[in-house]
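The block underneath contains the structure these notes are about, expressed in structure tokens.
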Amino acid sequence: MLERVPATARKTILGDDSEDGSLLVVAIAGLTLVATILTFLFTPAYALPMLAVFVAVTAVGWVTYQAEIARLLTLVATVSTVLTVGFITAFLFSSAFPAFVEHGLGLLIIPEGQWFFGLDAVLPVDESYWNPSNDVYSLLPMMWATVIVTVIAIAVAGPLGLFGALFISEVASDRMREFIKPGVEILAGIPSIVYGFIGFQVLNGFIQTSFLDEGASFLIAGIVVGIMALPTVVSVGEDSLSSVPSSMKDGSVAIGATQWQTMKSISIPAAFSGISAAIILGIGRAVGETMAVAAIMAAGVGLANPLFDVFDASATLTSLIATQYGSASESTIDVLFVAGVILFVIVGTMSVASQYIEQQMKKKLKGQQ
Amino acid sequence: MSNTAADTEIDMDTDTETTTTTGESQEEVKAEWTDYDFAGQPKLSVENLNVWYGDDHALKDVSMDIPEESVTALIGPSGCGKSTYLRCLNRMNDRIKVANIDGSVELDGMEIYDTNTNLVELRKRVGMVFQAPNPFPKSIRDNISYGPRKHGDINKGFLARLLGQDDSDEEAELVERALKQAALWDEVSDRLDANALGLSGGQQQRLCIARCLATDPEVILMDEPASALDPIATAKIEDLIEDLAKDYTVVVVTHSMQQAARISDQTAVFLTGGELVEYDDTDKIFENPESQRVEDYITGKFG
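Protein sequence lines, in the order shown, are assigned to chains X and B. As numbered in the working numbering, residues 15 to 383 make up the first sequence, in order. As numbered in the working numbering, residues 9 to 311 make up the second sequence, in order.
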């Protein structure tokens, strides 16, 4: 058993069809890489020459034993990606830890000394939740703001995204689809600050002059974030609608169902999980959206009053980090890390959920080609 | 089959010359079978049907009458246009955006390619069963009653109950009738609420036939209904088709010549290029075809 371990390791690194002698080159390349990292950690000044040595060894190896060196490089790339993400996560959680210890649950609920018992006692909306100079930290208003903005964004992106995806996959002609689908995908790539700026300048100004005197609000931020999520929702939703086997739709049409009945009773139910995954994915991105929200409502760190007042404004978890960290004291920074952890958990959960739902859909349609 | 008189007449007139001459012209062969009378009234009557997919001329000038209450088989090599032809009969080719169709198809003397033809009505009368079983990811019961529900013949669900128009009893009757007709009732009667995707391939295909029968069609089009099935399931489907021909007009596309010989009353042979080369009584096609090309195809020298 024991003597097989080196053999297995060798197989993993070199592959089972490796040439004799390749082990030496790969080993040297690996050692120089490790040496480079160590020099970088302890004597950064010499890291660059070491890197040059590693590159040179790799280049020589590429010429002599290309397959084995390429295999090593893919392994190195994967390991470094996984390690980077792992270290960032570990750093985030460990940085948030002191604030957790210091403030405890007060961070997530109501500031220390302001506890209210019983839910009938309306949350103390007038109290100060966030006041670094008095050491008052609560993330509750920002979490609530995030919830409101997200709900409004879903209300905007959900129906619009579904119908947009339906149009592209079922109604539009091939020619139209050729233009619309890439167009929608390009929209997803526009930097969010642009959306935020447009939202602030155009939408906010319009609402102020036409309807209300109130300025920046959850409503506008939610609408803008919803619009930002829309391309993702449409694009992923369209993918899942198109992946409904056309034989199934043909079956429905051939039985005398209209196109709309087919969409309603066959396409949407069959693609339902995919569409919900699309919405979750789009919103997951929107929740993590910083710049648009920060551009629209930078100020305010209090709970909406009343809680459902969408015309109120407050920083969300992301915009709090963006607007505060520049001027924050050390203890505030720690609290901001907690906000980061909360976001991490929310978005991570959403993305896992969306992947799970998508897998379920694949399972459901399996055997349907 | 029932048409022996006409059969012998043709044999006497033409036989030796055309079948033995390899250099015969298409027109001569065509002249032989186009004036042939089948038993029964023509249910579908196709005149000069042409189909293009973009620049590809997939079906060339096909004219043939399909007699009612019989099984008509369409055979030919892959890409010969037989499925294209079948899909023209209930206008499923309309769904292919590049398809261009020209010609006339009459159902009981009514032109189906009229601009104001009601497609829902047409497809209710001309049902279709596909090559691969394509049940909906719903319960067996919902699969069967799908058509009638969409046509508004059966009301079900919360709104219907609210309005006092719940047709659950009619639905149960319909489901039982259709499943019995498709010889599936005994196998699934105890699990009508189970998802149809859990059935075996052969059962799924019979479910699709039952689903098609539930809308009470007059014509049933089948596109290689048994090609994805094992021999036992195939035999069941074939028995079913022969049974259905008592009440319905059945048109079957098949790859298998043995299958065509077993189940059909008349056979149309399409050969490469989208031409209908010969159309006649099944026995005649398989025993004594007019065209040399058809004989070559049937005896395996071509295609």
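Just so it is clear, CB atoms sit at the ideal spot from N, CA and C, and this is done for glycine as well. Since we're looking at a predicted model, the values are computed, not measured.
Here's the rule: buried if 16 or more other CB atoms are within 10 angstroms of the residue's CB, otherwise exposed. What is B:Gly206? Counting C-beta atoms within 10 angstroms of its own C-beta, B:Gly206 has fewer than 16 neighbours from the protein chains shown and is therefore classed as exposed.
For X:Ile297 versus X:Leu331, is the C-beta spacing smaller than 9 Å? no
How about the region 149-165 of chain X and the region 345-365 of chain X: do they share at least three Cβ pairs that are nearer than 8 Å? yes
At least one CB of chain X closer than 9 Å to the CB of B:Val196: is that the case? False, the Cβ-Cβ gap to chain X never drops below 9 Å.
Can a CB atom of chain X be found closer than 9 Å to the CB of B:Thr6? The first residue shown for chain B is 9 and the last is 311, placing residue 6 of chain B beyond what the model contains.
B:Thr16 versus B:Glu295: straight-line alpha-carbon distance, rounded: Here B:Thr16 scores only 38 on pLDDT, less than 50, and its place in the model is too uncertain to base an answer on.
Which chain B residues sit within Cβ distance under 8 Å of X:Val267? In chain order: Met100, Arg103, Arg131.
Do X:Glu372 and X:Gln273 have their CB atoms nearer than 9 Å? Not a contact, by the Cβ cut-off of 9 Å.
Burial state of X:Phe193 (16 or more Cβ within 10 Å): exposed
X:Leu255 beta carbon less than 9 Å from that of X:Gly288: yes
Could you tell me whether the Cβ atoms of B:Asp238 and B:Gly210 are closer together than 9 Å? Contact: yes.
Can you tell me which of the three DSSP states B:Val79 falls into? strand
Expressed to the nearest angstrom, what Euclidean distance is found between the alpha-carbon atoms of X:Asp348 and X:Leu38? 48 Å
By DSSP's criteria, X:Trp144 is part of a beta bridge. Which residues make up the other side? X:Tyr151
Between X:Pro58, X:Val93, X:Pro173, X:Ala41, which has its C-alpha nearest X:Thr72's C-alpha? X:Ala41
Just to confirm my understanding: we take B:Ile74, look at its own chain, exclude 5 residues before and 5 after, and list those with CB closer than 7 Å. What are they? Pro50, Lys51, Leu52, Thr80, Thr257, Val259
Cβ-Cβ separation, X:Ile166 to X:Ile237 (assumed contact under 8 Å), whole Å: 7 Å
Sequence ranges, beta strand (DSSP E) only - wholly within the region 207-290 of chain B, length at least 3: 227-231, 257-261, 274-279, 283-289
Alpha carbon to alpha carbon, what distance is there between X:Gly270 and B:Lys132? 5 Å
By Cβ distance, which residues of its chain are closer than 6 Å to B:Asp251, with the 5 residues on each side in sequence left out? none
What is the residue span of the beta strand (DSSP E) that X:Leu201 lies within? Looking at the DSSP string, X:Leu201 is not in any beta strand (DSSP E); the run it does join, the alpha helix (DSSP H), is 188-202.
Would X:Ile371 pass as an interface residue toward chain B - the criterion being a Cβ-Cβ separation below 9 Å? no
Through-space distance from X:Ala179 to B:Phe144, alpha-carbon basis: Rounded to the nearest angstrom, the two C-alpha atoms are 21 Å apart.
At a CB-CB cut-off below 9 Å, which residues of chain X make contact with B:Tyr93? Chain X residues near B:Tyr93: none, gap ~15 Å exceeds 9 Å.
Sort B:Leu57, B:Thr125, B:Glu76, B:Ser78 by Cα distance to B:Ala107 and report the nearest one. B:Leu57
Quick one: is X:Gln374 near chain B, going by C-beta distance under 9 Å? no
With DSSP as the reference, identify every bridge partner of X:Leu357, one or two as the case may be. X:Leu357 is not bridged to any residue.
In terms of residue numbering, what span does the beta strand (DSSP E) encompassing B:Lys51 cover? 50-61
May I ask you to verify whether the region 115-135 of chain B touches the region 212-231 of chain B, counting CB pairs closer than 8 Å and requiring at least 3? Flag = yes, the region 115-135 of chain B and the region 212-231 of chain B touch.
Simplified DSSP assignment, three categories, for B:Leu171: coil
For the pair the region 78-97 of chain B and the region 258-277 of chain B, tell me if three or more CB-CB distances fall below 8 Å. yes
How many angstroms separate the CA atom of X:Leu350 from the CA atom of X:Phe107? In a straight line, the C-alpha of X:Leu350 is about 11 Å away from that of X:Phe107.
For B:Ile104, the three-state DSSP class (helix, strand or coil): coil
Give me, in chain order, the residues of the same chain whose beta-carbon lies closer than 7 Å to that of X:Ile293; leave out the 5 immediate sequence neighbours on both sides. Ile168, Ala171, Gly172, Gly175, Val247
In chain X, which residues lie with their C-beta within 8 Å of the C-beta of B:Asn142? Pro259, Ser261, Met262, Asp264, Gly265, Gln382
Can you tell me the Cα-Cα spacing of B:Thr125 and B:Ala253, whole angstroms? 26 Å
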